[in-house]
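The numbering of the sequence shown is the numbering used here, which starts it at 15 and goes up by one. Encoded as structure tokens, the structure appears first; notes follow it.
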Amino acid sequence: MVVHHLSMCLDSLLEQVICPEFVIEVSLFDDGSTDNTSSIITLHRSSFLKKGINVILGSSGNSRGVGFAKNNCVQQCSGSVLIFCDADDISIKHRFISLYNVLRNAPRPDLTLIGSRFERIPAGSTSRYTQWANSLNSKEIYDQIFTSYGPSVIAPTWCMSKKLFNKVGGFHEAEPVGYPEDLRFFYDALKIGADFMKVEESLVIYRYHPKCASLDVTEEMIWKIRIAMFEDLVLSKWKKFMVWGAGKVGKKFYRSLSNENRLKVVAFCDIDAKKLHCGRHEYFIPGQ
Numbered sequence: 015m016v017v018h019h020l021s022m023c024l025d026s027l028l029e030q031v032i033c034p035e036f037v038i039e040v041s042l043f044d045d046g047s048t049d050n051t052s053s054i055i056t057l058h059r060s061s062f063l064k065k066g067i068n069v070i071l072g073s074s075g076n077s078r079g080v081g082f083a084k085n086n087c088v089q090q091c092s093g094s095v096l097i098f099c100d101a102d103d104i105s106i107k108h109r110f111i112s113l114y115n116v117l118r119n120a121p122r123p124d125l126t127l128i129g130s131r132f133e134r135i136p137a138g139s140t141s142r143y144t145q146w147a148n149s150l151n152s153k154e155i156y157d158q159i160f161t162s163y164g165p166s167v168i169a170p171t172w173c174m175s176k177k178l179f180n181k182v183g184g185f186h187e188a189e190p191v192g193y194p195e196d197l198r199f200f201y202d203a204l205k206i207g208a209d210f211m212k213v214e215e216s217l218v219i220y221r222y223h224p225k226c227a228s229l230d231v232t233e234e235m236i237w238k239i240r241i242a243m244f245e246d247l248v249l250s251k252w253k254k255f256m257v258w259g260a261g262k263v264g265k266k267f268y269r270s271l272s273n274e275n276r277l278k279v280v281a282f283c284d285i286d287a288k289k290l291h292c293g294r295h296e297y298f299i300p301g302q
């Protein structure tokens, strides 16, 4: 994170509108920072305590990645409902109560992951991605799970029960840098039958900056995870299927499949006459 954003993040948590019966904890984990992160946390800690909000702080001498830090935040807290807040982002005043009310009224609150719309700062950052994510309705969240470059409910807006988090098994930690731990968690939640919901209002101001951890994740890494999960959750249940798209993406998709699933492909479909003119796709394995 960029440390000078942390104060704004913590200030936004201090300003949350909460019900009297709420017991709030703020769980923080300093993942090997070498700046004045600890000083900022110490400064804000007294403000939280004055509001009756306990602050739990863990730390690691060396940075071990986003997944490790988030897992430790969850493990050290005692709450039954988790609301995630990246240190670069700002929570709108009624974020906590809005998410909590939706979660507790969900058909299966212990198996529901909830997110919301968001705003970007600086304004206009990743405009196409922002428009796509904010526009998805409840059905489209499921329809487009495998077609995006991240979860169709974006991670900085997440709220869920601790029971769901533990059932999924937490975030992936093996690769501290360059791994989309949020996408992996989202797919793992899908595998265990979790429900996904979105609050149709902006509850998070999601910051973009050149040092965002997500920028270390390559498109190829995301592609591999998407294909692996699509094979596991969808293609494993099909005996045969057609690939829509006879161009580069369709062929890349075919080449990325396991041998077992390539044998299920009966045809490529397209509306481009030039692509269909050849009439077949020959696949060669290099070196054979």
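Note that CB positions come from ideal geometry on N, CA and C, so glycine has one too.
DSSP on I241, reduced to helix/strand/coil? Position 227 of the sequence shown holds residue 241. Reduced to three states, the DSSP call for I241 is helix.
N-terminal and C-terminal residue of the alpha helix (DSSP H) that Y201 is part of: By 1-based counting over the sequence shown, the position of residue 201 is 187. Here the alpha helix (DSSP H) through Y201 covers 195–205.
Compute the distance between the beta-carbons of F14 and G79, then report whether it is under 8 Å. Because the chain is modelled from 15 through 302, residue 14 falls outside the range shown and cannot be assessed.
Comparing C-alpha positions only, which one of M235, K288, V182 sits nearest to V88? Here residue 88 is taken as the residue at index 74 of the sequence shown, counted from 1. The option with the nearest alpha carbon to V88 is V182.
When the Cα of C173 is compared with those of L197, Y163, V116, P190, which residue comes out closest? Translated into positions along the sequence shown, residue 173 becomes position 159. Residue V116 is the option with its Cα nearest to C173.
Measure how close the beta-carbons of I67 and S41 come, nearest whole angstrom, since I'm counting them as under 8 Å. Numbered from its first residue, the sequence shown carries residue 67 at position 53. Numbered from its first residue, the sequence shown carries residue 41 at position 27. Actually they do not touch by this definition, with Cβ atoms about 11 Å apart.
In this structure, how does DSSP classify F36 when only helix, strand and coil are distinguished? If you number the sequence shown from 1, residue 36 lands on position 22. Three-state result, F36: coil.
Would you kindly work out how many angstroms separate the C-alpha atoms of A74 and S52, rounded to a whole number? Looking up residue 74 in the sequence shown gives position 60. Looking up residue 52 in the sequence shown gives position 38. What sits at residue 74 in the sequence shown is Ser, not Ala. About 12 Å.
Given a threshold of 16 other Cβ atoms within 10 Å of its Cβ, counted over all protein chains shown, does E195 qualify as buried or as exposed? By 1-based counting over the sequence shown, the position of residue 195 is 181. So E195 ends up on the buried side.
I need the straight-line Cα distance from S152 to P165, nearest angstrom please. Numbered from 1 along the sequence shown, position 138 holds the residue referred to as residue 152. Numbered from 1 along the sequence shown, position 151 holds the residue referred to as residue 165. For S152 and P165, the distance between alpha carbons rounds to 13 Å.
Round the Cβ separation of E39 and S130 to the nearest angstrom and send it over; I've been treating them as touching at under 8 Å. Mapped onto the sequence shown, residue 39 falls at position 25. Mapped onto the sequence shown, residue 130 falls at position 116. That belief does not hold up - the Cβ atoms of E39 and S130 are roughly 21 Å apart, past 8 Å.
One or two residues paired with R276 in a DSSP bridge: What you label residue 276 is simply residue 262 of the sequence shown in a count that begins at 1. In DSSP, R276 forms no bridge with anything.
By how many angstroms is the C-alpha of A83 removed from the C-alpha of V248? For the purposes of this step, residue 248 is identified with residue 234 of the sequence shown, where counting begins at 1. For the purposes of this step, residue 83 is identified with residue 69 of the sequence shown, where counting begins at 1. When rounded, the distance between both Cα atoms is 31 Å.
Which residue wins for smallest C-alpha separation from A188, given the options L24, C23, S77? For the purposes of this step, residue 188 is identified with residue 174 of the sequence shown, where counting begins at 1. Of the candidates L24, C23, S77, the one whose C-alpha sits nearest the C-alpha of A188 is S77.
Minimum C-alpha distance to S112 - residue among I32, S94, K266, M256: Along the sequence shown, read from residue 1 onward, the residue named residue 112 stands at position 98. For the residues I32, S94, K266, M256, the minimum Cα distance to S112 belongs to I32.
Taking K212 as part of the beta strand (DSSP E), name the residues at either end of that continuous run. The residue given as residue 212 occupies position 198 in the sequence shown. Note, K212: beta strand (DSSP E), 209–221.
Assuming the contact rule is C-beta atoms closer than 8 Å, G192 and V231 should be a hit. Round their C-beta distance to whole Å, please. Residue 192 sits at position 178 when you count from the first residue of the sequence shown. Residue 231 sits at position 217 when you count from the first residue of the sequence shown. Confirmed, about 6 Å.
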